[in-house]
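Colleague: My structure is below; once you've seen it, I'll send some questions.
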Ligand code: PRP
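In the numbering used here, the protein residues as written are 128 to 324.
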């Protein structure tokens, strides 16, 4: 991973970006550059293509953070693929301590017999992933896999079995590429440390 990349022009898309955005007071070190995300997303897409050759995988993104990764990952899969979304409640620290995850938006279609891949932007405590994997398995799919762009390092989630992991990161507050701080910075094309209040 690179520690540069805030104005990374490896993709040729950053020349016209506003140098004042994002503010340096709130968005600090870039932990994963845009080019690194593109490269890794294509590697995972190729792996999924190979693992599910001959099938039509159903990607299930968890709103809202996974939207950008899911959209890019879908395009990195070389074959038919479908997309659906789940939304879950977020009660902050209360959710994590009680272990309660509530589904706010369910799948649009049945998944019985389907090969499902749950797509997350980040796995931290693993509470959301554990709950949703169990929820999906209860609906008789042919298989359920888990995919996350980011895995926050720590002993709290070591027991998780995640099929596809983009990057493991130290436990800092990160934003960009779908991840937010009070709903902002999801549009940054890289992952950076949030340094605001
Ligand atoms: C984040 C992330 C996961 C969850 C991971 O969602 O997208 O769904 O938290 O945390 P856990 O492993 O500790 O359960 P968030 O609540 O920030 O909502 P958002 O995706 O709408 O930003």
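Just so you know, even glycine gets a beta-carbon here, dropped at the ideal spot from N, CA and C.
To which residues of the same chain is residue 128 closer than 8 angstroms at the C-beta, ignoring the five residues directly before and after it?
Modeller: Because residue 128 carries a pLDDT of 48, less than 50, the predicted location of this residue cannot be relied on, and no value is offered for it.
Colleague: Return the chain-ordered list of same chain residues with a C-beta closer than 7 angstroms to the C-beta of residue 194, the five sequence neighbours on each side being excluded.
Modeller: Contacts found: 188, 305.
Colleague: Report yes if the CB atom of residue 298 is closer than 8 angstroms to the CB atom of residue 280, and no otherwise.
Modeller: yes
Colleague: Output needed for residue 212: all residues of its chain with C-beta closer than 6 angstroms, excluding positions within five of it in sequence on either side, in chain order.
Modeller: Scanning its chain for C-beta atoms nearer than 6 angstroms, with the 5 sequence neighbours on each side dropped, one finds around residue 212 the residues 188, 190, in chain order.
Colleague: Is residue 195 near ligand 1, in the sense that its beta carbon is under 7 angstroms from a heavy atom of that ligand?
Modeller: no
Colleague: Say yes only if the C-beta of residue 249 is nearer than 7 angstroms to one or more non-hydrogen atoms of ligand 1, and no if none qualify.
Modeller: Indeed, a heavy atom of ligand 1 lies less than 7 angstroms from the Cβ.
Colleague: In the stretch 144-214, which residue ranges form an unbroken beta strand (DSSP E) of at least 3 residues, counting only runs that do not cross its ends?
Modeller: 154-159, 185-190
Colleague: In this structure, how does DSSP classify residue 272 when only helix, strand and coil are distinguished?
Modeller: In this structure, residue 272 counts as strand in the three-state DSSP scheme.
Colleague: In or out: residue 181 buried (at least 16 other Cβ within 10 Å) or exposed?
Modeller: exposed
Colleague: Name the two residues that bound the continuous alpha helix (DSSP H) containing residue 254.
Modeller: 254-264
Colleague: Looking at C-beta atoms only, is the number of pairs between the stretch 269-287 and the stretch 239-251 that lie closer than 8 angstroms three or more?
Modeller: yes
Colleague: For residue 293, report the span of its beta strand (DSSP E) as first-last.
Modeller: 291-296
Colleague: Using a Cβ-based criterion (distance less than 7 angstroms to any ligand heavy atom), does residue 189 qualify as near ligand 1?
Modeller: yes
Colleague: Could you say which of 237, 184, 286, 277 lies nearest to residue 266 if we only look at CA atoms?
Modeller: 237
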